[in-house]
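Beneath this line is the structure, given in structure tokens, with notes to follow.
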Amino acid sequence: MLLQVQKLTKQFEGLVAVNQVDLEVAEGEILAIIGPNGSGKSTMFNLISGMLPPTSGKVWFRGEDITRQKPHSVAKKGIARTFQTTTLFDQLRVMDNLAIGHRVRTKTGLWDALLHTPRYKKDRDETAARVMEILNFVGLTKQAFDLVTTLSQEAQKRLAIGIALATDPKLIMLDEPTGGINMDETMGITDLIRKLKGAGVTVCLIEHKMRMVMGLADRIVVLNHGTKIAEGTPEEISNDEAVIEAYLGGEFVA
Amino acid sequence: MGIWGFVRSKWLYLLILVLALALPLAHPNRYWFQVVIISLVWSIATLSLNLILGYTGQPSLAHGAYFGVGAYAVGLLTLKLHMSFWLALPTAGVLAALVGLIIGVPSMRMRGHYFAIGTLCFGVIIYTIAGNWMELTGGFTGLLGIPNPNAIPIPGIGRISFANQINQYYLVLVLLLITLFVMHRIVYSLVGYGFMAIRNNEVLAAAVGINTFRNKLLSLTISNFIVGVAGGLYAVILGSISPSAAHFNITFYLLLYLLLGGVASLAGPILGAFALPLIMENLQFISEYRNLVFGPLLIIVIIYWPRGVMGGLVDLKQRVQNYYQFRKAGAARAVASAETDQAI
Amino acid sequence: MELFFQQVFNGIMLGSTYALVALGLTLVLGILNVSNFAHGDLYMLAAYITFTLIVNYSIGFWPAVLVSMVTLAIVGVFIEKFVFRPLRDQSPINPFIAAVGLMLFLETFVIVVWGPRGQRIPNPYPGAVDLFGISTTQQRLIVVVAAVVLIGLLQLFIKRTTMGATIEATAQDREGAALVGINVNRVSSVTFAIAGALAAAAASLIAPIFMIAPGMGALPVMKAFAIIILGGVGSIPGAIAGAYVLGMVESLGGGYLSAAYKDVYAFGALVLVLAIRPTGLFGKEEH
Numbered sequence: 001m002l003l004q005v006q007k008l009t010k011q012f013e014g015l016v017a018v019n020q021v022d023l024e025v026a027e028g029e030i031l032a033i034i035g036p037n038g039s040g041k042s043t044m045f046n047l048i049s050g051m052l053p054p055t056s057g058k059v060w061f062r063g064e065d066i067t068r069q070k071p072h073s074v075a076k077k078g079i080a081r082t083f084q085t086t087t088l089f090d091q092l093r094v095m096d097n098l099a100i101g102h103r104v105r106t107k108t109g110l111w112d113a114l115l116h117t118p119r120y121k122k123d124r125d126e127t128a129a130r131v132m133e134i135l136n137f138v139g140l141t142k143q144a145f146d147l148v149t150t151l152s153q154e155a156q157k158r159l160a161i162g163i164a165l166a167t168d169p170k171l172i173m174l175d176e177p178t179g180g181i182n183m184d185e186t187m188g189i190t191d192l193i194r195k196l197k198g199a200g201v202t203v204c205l206i207e208h209k210m211r212m213v214m215g216l217a218d219r220i221v222v223l224n225h226g227t228k229i230a231e232g233t234p235e236e237i238s239n240d241e242a243v244i245e246a247y248l249g250g251e252f253v254a
Numbered sequence: 255m256g257i258w259g260f261v262r263s264k265w266l267y268l269l270i271l272v273l274a275l276a277l278p279l280a281h282p283n284r285y286w287f288q289v290v291i292i293s294l295v296w297s298i299a300t301l302s303l304n305l306i307l308g309y310t311g312q313p314s315l316a317h318g319a320y321f322g323v324g325a326y327a328v329g330l331l332t333l334k335l336h337m338s339f340w341l342a343l344p345t346a347g348v349l350a351a352l353v354g355l356i357i358g359v360p361s362m363r364m365r366g367h368y369f370a371i372g373t374l375c376f377g378v379i380i381y382t383i384a385g386n387w388m389e390l391t392g393g394f395t396g397l398l399g400i401p402n403p404n405a406i407p408i409p410g411i412g413r414i415s416f417a418n419q420i421n422q423y424y425l426v427l428v429l430l431l432i433t434l435f436v437m438h439r440i441v442y443s444l445v446g447y448g449f450m451a452i453r454n455n456e457v458l459a460a461a462v463g464i465n466t467f468r469n470k471l472l473s474l475t476i477s478n479f480i481v482g483v484a485g486g487l488y489a490v491i492l493g494s495i496s497p498s499a500a501h502f503n504i505t506f507y508l509l510l511y512l513l514l515g516g517v518a519s520l521a522g523p524i525l526g527a528f529a530l531p532l533i534m535e536n537l538q539f540i541s542e543y544r545n546l547v548f549g550p551l552l553i554i555v556i557i558y559w560p561r562g563v564m565g566g567l568v569d570l571k572q573r574v575q576n577y578y579q580f581r582k583a584g585a586a587r588a589v590a591s592a593e594t595d596q597a598i
Numbered sequence: 599m600e601l602f603f604q605q606v607f608n609g610i611m612l613g614s615t616y617a618l619v620a621l622g623l624t625l626v627l628g629i630l631n632v633s634n635f636a637h638g639d640l641y642m643l644a645a646y647i648t649f650t651l652i653v654n655y656s657i658g659f660w661p662a663v664l665v666s667m668v669t670l671a672i673v674g675v676f677i678e679k680f681v682f683r684p685l686r687d688q689s690p691i692n693p694f695i696a697a698v699g700l701m702l703f704l705e706t707f708v709i710v711v712w713g714p715r716g717q718r719i720p721n722p723y724p725g726a727v728d729l730f731g732i733s734t735t736q737q738r739l740i741v742v743v744a745a746v747v748l749i750g751l752l753q754l755f756i757k758r759t760t761m762g763a764t765i766e767a768t769a770q771d772r773e774g775a776a777l778v779g780i781n782v783n784r785v786s787s788v789t790f791a792i793a794g795a796l797a798a799a800a801a802s803l804i805a806p807i808f809m810i811a812p813g814m815g816a817l818p819v820m821k822a823f824a825i826i827i828l829g830g831v832g833s834i835p836g837a838i839a840g841a842y843v844l845g846m847v848e849s850l851g852g853g854y855l856s857a858a859y860k861d862v863y864a865f866g867a868l869v870l871v872l873a874i875r876p877t878g879l880f881g882k883e884e885h
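If you're matching them up, the sequences are chains B, A and L in order.
Residue numbering for the first sequence is 1 to 254, as defined by my numbering.
Residue numbering for the second sequence is 255 to 598, as defined by my numbering.
Residue numbering for the third sequence is 599 to 885, as defined by my numbering.
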């Protein structure tokens, strides 16, 4: 098991956003977390990635307890994430974004920078190479030197995934990677996610678009009001009564 | 190359450097020359503020106080302890950085507004102490008779004495060039990338593994060391200092130079810190009224050219493009653009 | 013991003036998200206006204070419209810079018009007064009474008028207020007007006791910021409580420990609180 979440709970004043959730992500699989709006999906990500401290419960990654660690430590350990609202370094260019994403895997310090030590050069070249790789992988090679603000919505989403990939993670958590883009673009992103799996990265994603999820995920976890109500293969989930009921009159997006 | 090409090329900077080096040959007026030297000191201080504010996005408003710490450090060490200037100056930088750490570690936990105000208040505390600790700092009279930097003996030729203006000028100029070099190396490196990431989007920076606390502290420490050195220079150039060297007015003036000159660029702070005091001093009749102009000027600039002044890092793009080498990765386009655009 | 109560009373007096300054500032910061550092110079400007009215035009004290308050209210509206409104919704550092520009302008303006040296406003109530066994001056007592009256009037305005309620709501939740369609322009203008008027009152009341000088606004505005951080941004009770606490700390510290370092105590207290609770004593998590 790559990621293990045990009885994770997050309580805000008067509202239990995540309620005793158990979750497991096996290495190499694509796990989707779905559920109506407000069911606690993004909060789960925030808890796992260290942005929010849990009220109770534990998070294990590669056998290590990472429950209360800060976001930058979690990233260093190998969990990368994207955000529901496209979050990029919008004052910089595409390649800068990717280079910054890779920073965590470099060791250049102040003295290396001042004296241009061999370590500085090695990191610089390695970063350049990795950035080129990722540009190719996500299909943004032509826009390498463009300012992020000139990119289309869909390109920005690909860049966000690219930045996460640049941290050389074992697990990528994608929060609604196809939010706000049309059908064709969604297919593009879906293919990209499959490519991630092919490259050996485990993926956990939050999504709303049911058809996309059904065709993409190996396993699905369903949350409702912060509680896990179902778990299984796409087949099992689409036939699950509790799931169907949760979505009735709700957020069912084909 | 054409006029515009020349202006944006490296040759312009070479020309400026040559002019700067040759300036004393023009036998400038003593008073005016002093203003030039002091402006160079302000340039160093402004560059340091640029690192923490312009590149890392942290509004550290105690900068004037650290300048004062550096000034008093050099003043006291050379005057009372008879330490060599060459030892006192780096010590001043270290002291300013240390004080900055004491203030910085608790301050870093505050965000935005609060950080700005917290550091400002710290600055006032330091200023008040400087003005009232009679035994140490001489109170509001300050320190008088700070000695010139010790002469440097050069085997075979003689000694370089710093009792005259010209050599003091070169001293400050050299230190400004060193500061520029350091800033340049930092900014165009992965370390600089870390700082810019924090400024642009701190949440994302943390999410991609950047230890924002440590990086902010690093930026602050480097910044404070440099401004401490600037303060130390100020002390020996003037020969005397008073608590006004630690006053928050200094912070505001540095801010003014930085913002009007151009944030997040390397030439900008120098432009601001150098051109502005010079302009102010040269137009004598205006010097009293200068803030009547600068105040509204600042307001107008920030309203109508916020990107130009506060530096969208748009210009930065041009520079990083040149200096970040993609050659080894074989991106032909990178090579091409690195050759065409040479401006800093 | 007499000394203690005297210092306590001084603390109340100081706290009263700080409260007036801090109240205006906390509303401005809470509603417009603007750290108006120039507020101290509005305070200073008001003192000089009062001074000119009394000394050059022989206008009585209270009318002068009133005119000063009205003038500063107008100045406040002007500043909001031309300086801060264009910068609304930008990163907070931009309005901060504009405030610095304003500061530089106002201080120089005062020096140019009135000269760089300090001035003295003749004390309209020079007599001493015996207050429960503490001897103090009439002017100091007036400061406290007038401040309390003004704070009371402000509370009435906030609680009893629609505009007042709107202001309080916006001060506490700027984003929420915008969502329900509150006329932000009008609220901003009124807030700045109130802030200006309160600062003018504070400056004019205290001017006869201390000297007035071009730099007089710097420390009060910084202390005011310290107060609103302690009391919570946008919170009126917080500002009032914080102001009196600060006044006490400064007065007692200055009286018993060292007068020269009295400002250090105030800021030291702030720094201490922020180190423990980075969002202030009553503050909520920043956006």
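The beta-carbon is built from N, C-alpha and C at its ideal position, and this holds for glycine as well.
Every value quoted in this text rests on a predicted model; they were computed, and no experiment measured them.
Legend entry - Host alpha helix (DSSP H) of Val555/A (start-end): The residue you call residue 555/A lines up with position 301 of the second sequence. Arg544 to Tyr558 is the span of the alpha helix (DSSP H), which, as asked, contains Val555/A.
Legend entry - Inside the segment 13–79 of chain B only - alpha helix (DSSP H) runs reaching at least 4 residues: Entirely contained in the segment 13–79 of chain B, the alpha helix (DSSP H) runs reaching 4 residues are, in chain order, 41–49 and 71–77.
Legend entry - CB of Thr615/L within 9 Å of CB of Val819/L, strictly: By one-based count along the third sequence, residue 615/L stands at place 17. By one-based count along the third sequence, residue 819/L stands at place 221. Not a contact, by the Cβ cut-off of 9 Å.
Inset, instruction - On the DSSP bridge assignment, give the partners of Val747/L in chain order. - result: Against the third sequence, residue 747/L aligns to sequence position 149. Val747/L has no beta-bridge partner at all, per DSSP.
Legend entry - Distance, Gly308/A Cα to Leu551/A Cα: Against the second sequence, residue 551/A aligns to sequence position 297. Against the second sequence, residue 308/A aligns to sequence position 54. Rounded to the nearest angstrom, the two C-alpha atoms are 20 Å apart.
Legend entry - Run of the beta strand (DSSP E) containing Arg413/A, from where it starts to where it stops: Within the second sequence, the letter at position 159 stands for residue 413/A. Gly412 to Ile414 is the span of the beta strand (DSSP E), which, as asked, contains Arg413/A.
Legend entry - When Lys58/B, Gln91/B, Asp123/B and Arg119/B are compared against Arg103/B, the one with the closest alpha-carbon: Within the first sequence, the letter at position 103 stands for residue 103/B. Closest by alpha carbon: Asp123/B.
Legend entry - Residue environment, Glu153/B, which counts as buried when at least 16 other CB atoms sit within 10 Å: As a working mapping, residue 153/B is identified with position 153 in the first sequence. Checking the sequence, you will find Gln at residue 153/B rather than Glu. The residue is exposed, with fewer than 16 neighbouring Cβ atoms inside 10 Å.
Inset, instruction - Determine whether the Cβ of Leu447/A lies closer than 9 Å to any Cβ atom of chain B. - result: Numbered from 1 along the second sequence, position 193 holds the residue referred to as residue 447/A. What sits at residue 447/A in the sequence shown is Tyr, not Leu. Proximity of Tyr447/A to chain B, defined by a Cβ-Cβ separation below 9 Å, is satisfied.
Legend entry - chain A within 9 Å of Asp771/L, Cβ atoms only: Within the third sequence, residue 771/L is the residue found at index 173, counting from 1. Under the 9 Å criterion on CB atoms, Asp771/L is classed as non-interfacial with respect to chain A.
Legend entry - Option in Thr624/L, Arg715/L and Asn634/L with minimal Cα separation from Met814/L: Along the third sequence, one-based indexing puts residue 814/L at 216. Closest by alpha carbon: Arg715/L.
Legend entry - Inter-residue spacing [alpha-carbon to alpha-carbon] between Lys7/B and Ile66/B: Start at 1 with the first residue of the first sequence, and residue 7/B comes out as number 7. Start at 1 with the first residue of the first sequence, and residue 66/B comes out as number 66. So the alpha carbons of these two residues sit roughly 14 Å apart.
Inset, instruction - Pull up the CB-CB distance for Thr43/B and Ala17/B, whole angstroms please, since I reckon it's below 8 Å. - result: Position 43 of the first sequence, counting from 1, holds the residue named residue 43/B. Position 17 of the first sequence, counting from 1, holds the residue named residue 17/B. Between Thr43/B and Ala17/B the beta-carbon gap is near 5 Å, inside 8 Å, which marks them as a contact.
Legend entry - Distance CB(His72/B)-CB(Thr466/A) smaller than 9 Å: Indexing the first sequence from 1 puts residue 72/B at position 72. Indexing the second sequence from 1 puts residue 466/A at position 212. Between His72/B and Thr466/A, the C-beta gap is smaller than 9 Å, which places the two residues in contact.
Inset, instruction - Would you tell me roughly how many angstroms separate the C-alpha atoms of Tyr577/A and Met51/B, rounded to the nearest one? - result: The residue you call residue 577/A lines up with position 323 of the second sequence. The residue you call residue 51/B lines up with position 51 of the first sequence. Unreliable placement is indicated for Tyr577/A, whose pLDDT of 44 sits below 50; no coordinate value is reported for it.
Legend entry - Cβ of Pro661/L within 9 Å of any chain A Cβ: Residue mapping note: residue 661/L aligns to position 63 of the third sequence, counting from 1. No, because no Cβ of chain A sits closer than 9 Å to the Cβ of Pro661/L.
Legend entry - Among Ile647/L, Thr624/L, Gln737/L and Gln688/L, nearest to Leu828/L - alpha-carbon criterion: Locating residue 828/L in the third sequence gives position 230, counting from the first residue. Nearest to Leu828/L by C-alpha distance, out of Ile647/L, Thr624/L, Gln737/L and Gln688/L, is Thr624/L.
Inset, instruction - Could you tell me which chain L residues have their CB closer than 8 Å to the CB of Tyr543/A, listed as they occur along the chain? - result: Start at 1 with the first residue of the second sequence, and residue 543/A comes out as number 289. At a C-beta separation below 8 Å, Tyr543/A has these neighbours in chain L: Thr706 and Val710.
Legend entry - Straight-line gap, Gly853/L to Tyr641/L (C-alpha atoms, nearest Å): The residue given as residue 853/L occupies position 255 in the third sequence. The residue given as residue 641/L occupies position 43 in the third sequence. Using only the alpha carbons, I get a separation of about 25 Å.
Inset, instruction - Compare the beta carbon distance of Val201/B and Leu31/B with 9 Å and say whether it is the shorter of the two. - result: Position 201 of the first sequence, counting from 1, holds the residue named residue 201/B. Position 31 of the first sequence, counting from 1, holds the residue named residue 31/B. With respect to Leu31/B, Val201/B sits apart: the two C-beta atoms are not nearer than 9 Å.
Inset, instruction - Using the Cα positions of Asp240/B and Pro169/B, report the straight-line distance between them to the nearest angstrom. - result: Taking the first residue of the first sequence as 1, we reach residue 240/B at position 240. Taking the first residue of the first sequence as 1, we reach residue 169/B at position 169. For Asp240/B and Pro169/B, the distance between alpha carbons rounds to 33 Å.
Legend entry - Spatially closest choice to Gln312/A from Arg365/A, Leu331/A, Ile420/A and Ser338/A, by CA coordinates: Taking the second sequence and counting its residues from 1, the one referred to as residue 312/A is at position 58. Considering only alpha carbons, the answer is Arg365/A.
Inset, instruction - Determine, using beta carbons only, whether Met255/A comes closer than 9 Å to chain L. - result: Here residue 255/A refers to the residue found at position 1 when the second sequence is read from its first residue. A caution first: Met255/A carries a pLDDT of 45, below 50, which makes its placement in the model too unreliable to give a value.
Inset, instruction - Answer yes or no: does any C-beta atom of chain L fall closer than 9 Å to that of Phe376/A? - result: Position 122 of the second sequence holds residue 376/A. For Phe376/A, the answer is yes, since a Cβ of chain L falls inside 9 Å of its Cβ.
Inset, instruction - Out of Ala316/A, Gly347/A and Leu315/A, point me to the one whose CA is closest to Ala327/A's CA. - result: Stepping through the second sequence from its first residue, residue 327/A is reached at position 73. Nearest to Ala327/A by alpha-carbon distance, out of Ala316/A, Gly347/A and Leu315/A, is Gly347/A.
Legend entry - At least 3 beta-carbon pairs within less than 8 Å: the segment 331–351 of chain A vs the segment 291–299 of chain A: Because the criterion of three Cβ pairs below 8 Å is not met, the segment 331–351 of chain A and the segment 291–299 of chain A do not touch.
Inset, instruction - May I ask you to list the residues that DSSP assigns as paired with Thr734/L? - result: Your numbering for residue 734/L matches position 136 in the third sequence. BP columns for Thr734/L point to Val727/L.
Legend entry - Residue-chain proximity (Thr433/A, chain B), Cβ-Cβ < 9 Å: Stepping through the second sequence from its first residue, residue 433/A is reached at position 179. Taking Cβ atoms only, chain B never reaches closer than 9 Å to Thr433/A, which makes this a no.
Inset, instruction - Could you confirm whether any beta carbon from chain A is found closer than 9 Å to the beta carbon of Asn634/L? - result: As a first step, residue 634/L must be located in the third sequence, where it is residue number 36. It does not; no Cβ of chain A falls within 9 Å.
Legend entry - Collapsed DSSP secondary structure at Asp569/A in the structure displayed: Reading the second sequence from its first residue, position 315 is the one you call residue 569/A. Reliability fails at Asp569/A, whose pLDDT of 48 lies under 50, so the model's placement of it is uncertain and no value is given.
Inset, instruction - Can you tell me which of the three DSSP states Tyr267/A falls into? - result: Mapped onto the second sequence, residue 267/A falls at position 13. In the three-state scheme derived from DSSP, where H, G and I count as helix and E and B as strand, Tyr267/A is classed as helix.
Inset, instruction - With 8 Å as the limit, tell me which residues of the segment 461–483 of chain A have their beta carbon closer than that to any beta carbon of chain B; keep them in chain order. - result: Per Cβ criterion, the list reads Ala461, Val462, Gly463, Ile464, Asn465, Thr466, Leu472 and Ile476.
Legend entry - Listed by chain order, chain L residues near Thr382/A by CB distance under 7 Å: In the second sequence, counting from the first residue as 1, residue 382/A sits at position 128. Within chain L, the residues near Thr382/A are Tyr859, Asp861 and Val862.
Inset, instruction - Could you tell me the distance, in whole angstroms, from the CA atom of Ala242/B to the CA atom of Asp22/B? - result: The sequence position of residue 242/B within the first sequence is 242, counting from 1. The sequence position of residue 22/B within the first sequence is 22, counting from 1. When rounded, the distance between both Cα atoms is 17 Å.
Inset, instruction - Kindly indicate if chain B contains any beta-carbon less than 9 Å away from that of Leu570/A. - result: For the purposes of this step, residue 570/A is taken as the residue at position 316 of the second sequence. Any answer about Leu570/A is weak, because its pLDDT of 49 lies below 50 and its placement is not dependable; what the coordinates show is given next. It does: the Cβ of Leu570/A has a partner Cβ on chain B nearer than 9 Å.
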